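Novice:
2 protein chains.
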Amino acid sequence: MTSSRPRTRIQIKNRAAILDAGLDAFSAHGFRGATLDQIAETAGMSKPNLLYYFGGKDAIYTALLEQLLDTWLDPLREIDPDGDPVTEILGYAQRKLDLSRDYPRESRLFANEILQGAPHIHSHLSGDLKALVDDIAIVIARWADEGRIKAVDPRHLIFSIWSLTQHYADFEVQVTAVLGHAAYFDDAAIHLNRMLRGALEP
Amino acid sequence: MTSSRPRTRIQIKNRAAILDAGLDAFSAHGFRGATLDQIAETAGMSKPNLLYYFGGKDAIYTALLEQLLDTWLDPLREIDPDGDPVTEILGYAQRKLDLSRDYPRESRLFANEILQGAPHIHSHLSGDLKALVDDIAIVIARWADEGRIKAVDPRHLIFSIWSLTQHYADFEVQVTAVLGHAAYFDDAAIHLNRMLRGALEP
DNA sequence: CGTCAGTTTTACCAATTGGTCAAATACAAT
DNA sequence: ATTGTATTTGACCAATTGGTAAAACTGACG
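Protein sequences appear in the order of chains A and B.
The numbering used here applies: residue 1 is where the first sequence begins, and numbers increase by one.
The numbering used here applies: residue 1001 is where the second sequence begins, and numbers increase by one.
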């Protein structure tokens, strides 16, 4: 087992290297498709050495998922129920798009986990995540009732924002191939802003 | 090697069973994560028997991808440049959503392939797919120029429709967990129709 | 210098994986 | 019934996989 917190500098460094290598592997090949040998090599150490820091493949994967879920929902929590509806929703979409741009591997790790049926985080989805979405949905429903945004299904609006923004990380290869160039996040931001504004402004 | 076309009834049946089992496995675990043993068991035959019909793991995967790409783009081709813009675009989105509902495994297979960097279909993406999107983009750009839909980046609009609709297949577990129930495609259709209409109608 | 926890390496293992081969069996046409 | 082809099986294999055990090394501190 892994001690709850790393102590020495070398532990901090090596655990970070392993998690980074694991993120590479798991986000690209999924849990079963990634191998410890591959992770160890990317991390620049031998497999037994890697296993000195993490109890096993599961431990690396679990650590990555926990670390991810911790920060993944923050943008949603930042929505201000007392703010301007369109500004708040567009701001949330922009923050999610920023996450796709800055943490594409994390986005793909999450996508892989969901694609595989979310075996490791199913309880999180129907627990914490559902509760948070339920809260925000009430706010959005109120905004719609007050006529400050167009009528909309709050939960499906949230799904839409998730899909629209995560797509640019998860399907990066396809987006790049179709566009013929790589730096598309600014254009995506303009497009999503304009499109969502059109969909929301009464 | 596999003969180009199956001949006997038993070949047709067994090849279909293998492809179906392979679709289960590959869509859930990706190429590397799926195993021949697993596919053979699901298909109800021994591994050597399976390998009598397909040259190897790659052959099954490739056959699935080709079969998929063949039909995946059809909805896009059905867009009528001379039709009503909003009707055509909303109709396309609806057809894509129908695909997500009726062929979720195929959608996940595609998502897995892209997540892994599209090693098997990269040339298809920057070839056929790009060419087709380029064509449609011209039509959409004209519609926008003529003021028949709001100003929009045509290619990013297509990405948006892809992400919005495929999300309901690829992230099914998450959608179900957050909603608390499973039959959501009718609601999704209403939501997407309303949202896209708001984003497009001038 | 010696010591001792912290770290790394070498050698290894059992299970799984993709795949082969030849023998055995089912089946269709004569 | 017999023959030739299509199909299936059982035995097997080399490579890879996740993981272990113990020896060897490192470096800070008394």
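Glycine included, C-beta positions come from ideal geometry on N, C-alpha and C.
Every value quoted in this text rests on a predicted model; they were computed, and no experiment measured them.
#1: Could you give the first and the last residue of the continuous alpha helix (DSSP H) run that contains residue 1045 of chain B?
#2: Taking only beta carbons into account, state which residues of the stretch 1170 to 1193 of chain B come closer than 9 Å to chain A, listed in chain order.
#3: Short of 7 Å Cβ to Cβ, which residues in the stretch 1086 to 1097 of chain B face chain A?
#4: Since residue 1148 of chain B is in the alpha helix (DSSP H), which residue starts that stretch and which ends it?
#5: Considering only the beta carbon of each residue, do residue 1027 of chain B and residue 1109 of chain B sit closer than 8 Å?
#6: Within 10 angstroms of its Cβ, does residue 49 of chain A collect 16 or more other Cβ (buried), or is it exposed?
#7: What residues in the stretch 1137 to 1171 of chain B bring their beta carbon closer than 9 Å to a beta carbon of chain A?
#8: Considering only C-alpha positions, which residue in the set A:57, A:66, A:165 and A:23 is nearest to residue 89 of chain A?
#9: From residue 203 of chain A to residue 1131 of chain B, what does the alpha carbon distance come to, in whole angstroms?
#10: Does any C-beta atom of chain B lie closer than 8 Å to the C-beta of residue 114 of chain A?
#11: By Cβ distance below 6 Å, which residues in the same chain neighbour residue 95 of chain A in space, the five residues on each side in sequence not counted?
#12: I want to verify the contact list: residues of chain A whose CB lies under 8 Å from the CB of residue 1198 of chain B, in sequence order.
#13: Give me the Cβ distance between residue 1189 of chain B and residue 1097 of chain B, rounded to the nearest whole Å; I'm assuming they're in contact under 8 Å.
#14: In chain order, what residues of the same chain have a beta carbon less than 7 Å from the beta carbon of residue 1086 of chain B, not counting five sequence neighbours either side?
#15: For the alpha helix (DSSP H) containing residue 1106 of chain B, name the first residue and the last one.
#16: Can you find at least 3 beta carbon pairs, one from the stretch 172 to 185 of chain A and one from the stretch 1170 to 1184 of chain B, that sit closer than 8 Å?
#17: What three-state label does DSSP hand residue 8 of chain A in the structure shown?
#18: Within 8 Å of any Cβ in chain B, is that where the Cβ of residue 36 of chain A sits?
#19: Three-state secondary structure (DSSP) at residue 56 of chain A?
#20: Could you give the DSSP three-state label for residue 1189 of chain B: helix, strand or coil?
#21: Once DSSP output is grouped into helix, strand and coil, what is the label at residue 16 of chain A?
Specialist: For this structure:
#1: One-based indexing of the second sequence puts residue 1045 of chain B at position 45. Per DSSP, residue 1045 of chain B belongs to no alpha helix (DSSP H) and is neither H nor E.
#2: 1170, 1171, 1172, 1173, 1174, 1175, 1176, 1177, 1178, 1179, 1180, 1184, 1187, 1188, 1190, 1191 and 1192
#3: none
#4: Indexing the second sequence from 1 puts residue 1148 of chain B at position 148. It is not in any alpha helix (DSSP H) - residue 1148 of chain B carries neither H nor E in the DSSP assignment.
#5: Sequence index remark: in the second sequence, residue 1027 of chain B carries index 27 (1-based). Sequence index remark: in the second sequence, residue 1109 of chain B carries index 109 (1-based). Contact: yes.
#6: Locating residue 49 of chain A in the first sequence gives position 49, where the first residue counts as 1. By the neighbour-count rule (16 or more Cβ atoms within 10 Å), residue 49 of chain A is not buried but exposed.
#7: 1150, 1151, 1152, 1153, 1155, 1156, 1157, 1158, 1159, 1160, 1162, 1163, 1164, 1165, 1166, 1167, 1168, 1170 and 1171
#8: On the first sequence, position 89 is the one that residue 89 of chain A refers to. Measuring from the Cα of residue 89 of chain A, the nearest candidate turns out to be A:165.
#9: Absent from the structure is residue 203 of chain A, since the part of chain A shown begins at 1 and ends at 202.
#10: Within the first sequence, the letter at position 114 stands for residue 114 of chain A. With 8 Å as the cut-off, residue 114 of chain A counts as an interface residue toward chain B.
#11: As a working note, residue 95 of chain A is residue 95 in the first sequence. Excluding positions up to five away in sequence, the list reads 75.
#12: In the second sequence, residue 1198 of chain B corresponds to position 198, counting from 1. Under the 8 Å cutoff, chain A gives 150, 198, 199 and 200.
#13: One-based indexing of the second sequence puts residue 1189 of chain B at position 189. One-based indexing of the second sequence puts residue 1097 of chain B at position 97. Confirmed, Cβ separation roughly 6 Å.
#14: On the second sequence, residue 1086 of chain B is found 86 positions in, with the first residue counted as 1. Counting only Cβ-Cβ distances below 7 Å, and skipping sequence neighbours, we find 1149, 1197, 1200 and 1201.
#15: For the purposes of this step, residue 1106 of chain B is identified with residue 106 of the second sequence, where counting begins at 1. First-last of the alpha helix (DSSP H) with residue 1106 of chain B: 1104 to 1115.
#16: no
#17: Counting from one through the first sequence, the residue named residue 8 of chain A turns up at place 8. Three-state DSSP puts residue 8 of chain A in coil, outside helix and strand.
#18: By 1-based counting over the first sequence, the position of residue 36 of chain A is 36. Chain B contact via Cβ: absent.
#19: As a first step, residue 56 of chain A must be located in the first sequence, where it is residue number 56. Correct three-state label for residue 56 of chain A: coil.
#20: Numbered from its first residue, the second sequence carries residue 1189 of chain B at position 189. It is helical.
#21: Within the first sequence, numbered from 1, the residue matching residue 16 of chain A stands at position 16. Looking at residue 16 of chain A - three-state DSSP - the assignment turns out to be helix.
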